[in-house]
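Top line first, the protein sequences correspond to chains A and B.
Per our numbering, the first sequence starts with residue 6, numbered consecutively.
Per our numbering, the second sequence starts with residue 13, numbered consecutively.
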Amino acid sequence: MSGRNSTQPSSRRRPGQLEGEVLAALWAAPDPLTPAAVLASVGGDLAYTTVMTILVRLHDKGVIERTKVGRAFAYRPVVAETDVVAEQVRRLFAHSSDRAAVLQGLIDGLRPEDEIMLRMMLADMGDVRRDREV
Amino acid sequence: MRAPIYLPFGLSFAFLGLSRLVCRRVSPRPAAWSITVAMVLLAGSSVGALGLLAWPLAARIPAIASAGRWRPDAVNHRVPVPISVSMGATLALVAVGGLVLNRLRGLWRQFAETSRLHAALVSTGGEELAVLDDPVPAAHALPPTLAHCGRILVSTGLIEALDNEERAAALAHERAHLSHRHYLFVLVGALASAMNPLLGFARGDVSFALERWADEDAASRTSRTVTARALAKAAVARLSRLHAGVVPGVAMQLAQLGVVQRVAALLEPQERPARRGLAWVITGLALVGTAAVAWSVHDTERIFELLQAR
Numbered sequence: 006m007s008g009r010n011s012t013q014p015s016s017r018r019r020p021g022q023l024e025g026e027v028l029a030a031l032w033a034a035p036d037p038l039t040p041a042a043v044l045a046s047v048g049g050d051l052a053y054t055t056v057m058t059i060l061v062r063l064h065d066k067g068v069i070e071r072t073k074v075g076r077a078f079a080y081r082p083v084v085a086e087t088d089v090v091a092e093q094v095r096r097l098f099a100h101s102s103d104r105a106a107v108l109q110g111l112i113d114g115l116r117p118e119d120e121i122m123l124r125m126m127l128a129d130m131g132d133v134r135r136d137r138e139v
Numbered sequence: 013m014r015a016p017i018y019l020p021f022g023l024s025f026a027f028l029g030l031s032r033l034v035c036r037r038v039s040p041r042p043a044a045w046s047i048t049v050a051m052v053l054l055a056g057s058s059v060g061a062l063g064l065l066a067w068p069l070a071a072r073i074p075a076i077a078s079a080g081r082w083r084p085d086a087v088n089h090r091v092p093v094p095i096s097v098s099m100g101a102t103l104a105l106v107a108v109g110g111l112v113l114n115r116l117r118g119l120w121r122q123f124a125e126t127s128r129l130h131a132a133l134v135s136t137g138g139e140e141l142a143v144l145d146d147p148v149p150a151a152h153a154l155p156p157t158l159a160h161c162g163r164i165l166v167s168t169g170l171i172e173a174l175d176n177e178e179r180a181a182a183l184a185h186e187r188a189h190l191s192h193r194h195y196l197f198v199l200v201g202a203l204a205s206a207m208n209p210l211l212g213f214a215r216g217d218v219s220f221a222l223e224r225w226a227d228e229d230a231a232s233r234t235s236r237t238v239t240a241r242a243l244a245k246a247a248v249a250r251l252s253r254l255h256a257g258v259v260p261g262v263a264m265q266l267a268q269l270g271v272v273q274r275v276a277a278l279l280e281p282q283e284r285p286a287r288r289g290l291a292w293v294i295t296g297l298a299l300v301g302t303a304a305v306a307w308s309v310h311d312t313e314r315i316f317e318l319l320q321a322r
């Protein structure tokens, strides 16, 4: 795409974006994560203190909760109530035949027969290597 | 008010095939822009043309004729539009009015729902991202409203299906929708296609171009392979979750272009130069339609000035 996009490398992220990535990392992990583990998961050239600040802010908002693990705190997302909202979201995105104010989702527009094609493409991309790692 | 007045309708038919071509051949950003601009021009000019074609019928009404100082029966002789065409155009205008009102009502309902959702999400997420406890992989960009900034919604199903890099690509994709204000393209397309239903078919093309645009944006922030992998993995995970029956995807039914084509486009080697010629062609054609209507307005004025002179 245009040069404007490529001049902004992924390491330069706005605070709101970082918060999103930290939150996503916490949701992705099966267990509560320590700040160090969050840092490893989000990656990039983040400072430990940045991650710490975001975690404290999220905790203050009540979006995540923490437990003591050894000498550090480990954080996990608060699950309560999100399922109610999830239902609301499903409704909003499912029923609108003229989805005007609302965009198509990331992976809408799928037909069952697409699955074979997508699996082949994944295989070509070397997904085999990743399966072994997991 | 001669042949050119019918041009916007002919061009709208030609647009059916052309928008698909642009969507396939032109890089996503100019594709989305040119199709949307052409839709606006064609919607405006076809409504304008209907108005002009319907006008002679109104001009025969005695009250209007006396106000304009021409004789109602002179309209029959001097205006080169058969009365049956004027009647048809009037009916079409009424129908279009109904469609636009209906679309506006739908948009308002969606706006209200979006606002409600924003309000509900305040307590569940960070500033930008809200994670929803739903095993079906899904990600959406919730457009901003007056009171709330745009927000990204992802399901736990999506997060579980992807690794760290791929997750970053998925978030970057949704972020691109918000930062490039893709919801406005969708909004404009919805209104334009209510004004001229023929343009409705192009909405699927715009929607595909917007997804591709966001994919390319995500690819420039992560990498093409990572973005392609994120899409393909999320799609496979979603399909295996929704194994039974048809997967909902309204835009898909119109476009017939979906995730598979997007993944393929990301994996395609990038040496091919971006073609923009077609984008200019459809914008140019739509401008021709607009010009034809402008000329017809002038022509109509001239005809009625002659009527008054008699």
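Even for Gly, the Cβ is constructed at its ideal location relative to N, Cα and C.
As the structure is a prediction and not an experimental result, all values here were calculated from the model.
Following the continuous beta strand (DSSP E) through Pro149/B, name the residue where it begins and the one where it ends.
Looking at the DSSP string, Pro149/B is not in any beta strand (DSSP E), and its letter there is neither H nor E.
Let me check understanding here. Comparing Cα to Cα, which of Gly270/B, Ala75/B, Ala276/B and Ser205/B lies closest to Val238/B?
Out of Gly270/B, Ala75/B, Ala276/B and Ser205/B, the CA that lies nearest to the CA of Val238/B is found in Ala276/B.
Flag Ile121/A as yes if its beta-carbon sits less than 7 Å from any beta-carbon of chain B, otherwise no.
Taking Cβ atoms only, chain B never reaches closer than 7 Å to Ile121/A, which makes this a no.
Along the chain, which unbroken stretches of the beta strand (DSSP E) at least 3 residues long are found entirely within the region 23-93 of chain A?
69-74 and 77-82, all fully within the region 23-93 of chain A.
Give the interface partners of Ile164/B over in chain A, defined as CB-CB distance under 9 Å, in chain order.
Counting only Cβ-Cβ distances below 9 Å, Ile164/B has contacts in chain A at Gly25, in chain order.
For the alpha helix (DSSP H) that Val106/B lies in, which residues bound it at each end?
Taken as a continuous stretch (DSSP letters only), the alpha helix (DSSP H) holding Val106/B covers Ile95 to Leu133.
Is Arg5/B helix, strand or coil when you go by DSSP?
Nothing can be reported for residue 5/B, as the shown portion of chain B is limited to 13 through 322.
Which class does Ala105/A belong to by DSSP, given the choice of helix, strand or coil?
Model confidence at Ala105/A stands at a pLDDT of 45, short of 50, so the residue's coordinates are unreliable; what they give is reported in the following sentence. In the three-state reduction of the DSSP assignment, Ala105/A falls in the coil class.
Between the C-alpha atoms of Pro82/A and Asp113/A, what's the straight-line distance to the nearest angstrom?
Between Pro82/A and Asp113/A, the C-alpha separation is close to 26 Å.
Start-to-end residues for the alpha helix (DSSP H) that takes in Ile164/B
Element bounds for Ile164/B: not the alpha helix (DSSP H) but the beta strand (DSSP E), Arg163 to Ser167.
Would Glu178/B count as contacting chain A if we go by Cβ distances under 7 Å?
Chain A places no beta carbon closer than 7 Å to that of Glu178/B, leaving this residue out of the contacts.
Out of Asn176/B, Ala15/B, Ser167/B and Ser205/B, state which residue places its alpha-carbon closest to the alpha-carbon of Gly49/A.
Measuring from the Cα of Gly49/A, the nearest candidate turns out to be Asn176/B.
Give a yes or no on whether the minimum CB-CB distance between Ala106/A and chain B is below 7 Å.
Caution applies to Ala106/A, whose pLDDT of 45 falls short of 50 and renders its modelled position unreliable; the model cannot decide the point.
Buried or exposed by the 16-neighbour rule on C-beta atoms within 10 Å, applied to Leu174/B
By the beta-carbon neighbour count (other beta carbons within 10 angstroms, threshold 16), Leu174/B is buried.
Min CB distance Ile250/B to chain A below 7 Å
In the sequence on display, residue 250/B carries Arg and not Ile. When Cβ-Cβ separations below 7 Å define contact, Arg250/B makes contact with chain A.
Between the C-alpha atoms of His160/B and Pro40/B, what's the straight-line distance to the nearest angstrom?
The straight-line gap from Cα to Cα measures roughly 28 Å.
CA-to-CA distance, Val61/A to Asp227/B, given in whole angstroms:
For Asp227/B and Val61/A, the distance between alpha carbons rounds to 32 Å.
Whole-Å CB distance - Ala151/B paired with Leu111/A, under 8 Å assumed
Indeed, because the Cβ distance is near 4 Å, the residues count as touching under 8 Å.
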